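Reviewing the structure listed below.
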Amino acid sequence: MRSTFFLAAIALFGSTTVNAGGFSSTCTECRLGSSNTRYGCLCGDGKGNEIYSLVDLNDCMVNLGGQLSPRKSGGFGGSCKADGQNDEYTPCWDCGNGSGTDKACPDLNSFISNHDGTISCDV
Ligand SMILES: *[C@@H]1O[C@H](CO)[C@@H](O)[C@H](O)[C@H]1NC(C)=O
Numbered sequence: 011m012r013s014t015f016f017l018a019a020i021a022l023f024g025s026t027t028v029n030a031g032g033f034s035s036t037c038t039e040c041r042l043g044s045s046n047t048r049y050g051c052l053c054g055d056g057k058g059n060e061i062y063s064l065v066d067l068n069d070c071m072v073n074l075g076g077q078l079s080p081r082k083s084g085g086f087g088g089s090c091k092a093d094g095q096n097d098e099y100t101p102c103w104d105c106g107n108g109s110g111t112d113k114a115c116p117d118l119n120s121f122i123s124n125h126d127g128t129i130s131c132d133v
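Residue numbers for the sequence shown, in the working numbering: 11 to 133.
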């Protein structure tokens with residue numbers, strides 16, 4: 011189920027958009043910092059080097075009723091708290107939904123890309 015969705019997403023984005031997402035195939039040791047929103051990885055630069063870089067996901071995601079969606083300057087960090095599991099490519103947050111919190115584990119690979127060793131958000 012999950013992998014079927016993933017392949018469908020690749021087919022959808024891969025055919026229409028260049029350089030959108032896909033960082034996970036060339037980046038390792040990715041994790042969220044203690045700031046809750048800063049996410050760093052070691053990424054290949056295409057010339058044999060590994061470079062460490064960070065993105066502030068506050069610039070990339072918005073909390074919509076407890077679920078996280080890609081959005082420029084979304085500022086989700088004010089209403090979401092990392093759950094501490096810190097999965098390498100799919101970290102999760104507990105996000106306020108108005109009455110409680112929902113677990114949100116956005117697919118970062120769909121909108122973070124690696125440009126010559128530096129990660130950025132395509133939003
Ligand atoms: C909000 O979170 C609470 C606690 O997890 C849950 O019971 C409730 O269904 C959620 N509300 C919405 C609108 O998602």
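For glycine and all other residues, C-beta sits at the position ideal for the given N, C-alpha and C.
The structure displayed is predicted, hence computed values, not measured ones.
Straight-line gap, residue i to residue j (C-alpha atoms, nearest Å)
i, j, result
"Cys131", "Arg48", "12 Å"
"Leu67", "Phe86", "8 Å"
"Gly31", "Leu74", "21 Å"
"Gly94", "Thr36", "24 Å"
"Gly127", "Asn119", "15 Å"
Beta-carbon separation (whole angstroms), residue i vs residue j, contact threshold 8 Å
i, j, result
"Cys40", "Asn124", "At roughly 11 Å, the Cβ-Cβ gap does not stay under 8 Å, so Cys40 and Asn124 are not in contact."
"Val133", "Cys51", "At roughly 17 Å, the Cβ-Cβ gap does not stay under 8 Å, so Val133 and Cys51 are not in contact."
"Gly106", "Gly76", "7 Å"
Buried versus exposed call for residue i [16 or more other C-beta atoms within 10 Å across all chains shown]
i, result
"Gly56", "exposed"
"Leu64", "exposed"
"Asn59", "exposed"
"Val108", "First, the amino acid is wrong: residue 108 is Gly here, not Val. The residue is exposed, with fewer than 16 neighbouring Cβ atoms inside 10 Å."
"Leu17", "Confidence is the limiting factor: at Leu17 the pLDDT is only 47, short of 50, which leaves the residue's position unreliable, though a coordinate-based value still follows. The residue is exposed, with fewer than 16 neighbouring Cβ atoms inside 10 Å."
"Gly84", "buried"
Residue i in three-state terms, based on DSSP
i, result
"Gly54", "strand"
"Asn119", "helix"
"Asp69", "helix"
"Gly87", "helix"
Nearest residue (CA-CA) to residue i, options the options
i, options, result
"Asn96", "Arg81, Val72, Ile122 and Pro116", "Pro116"
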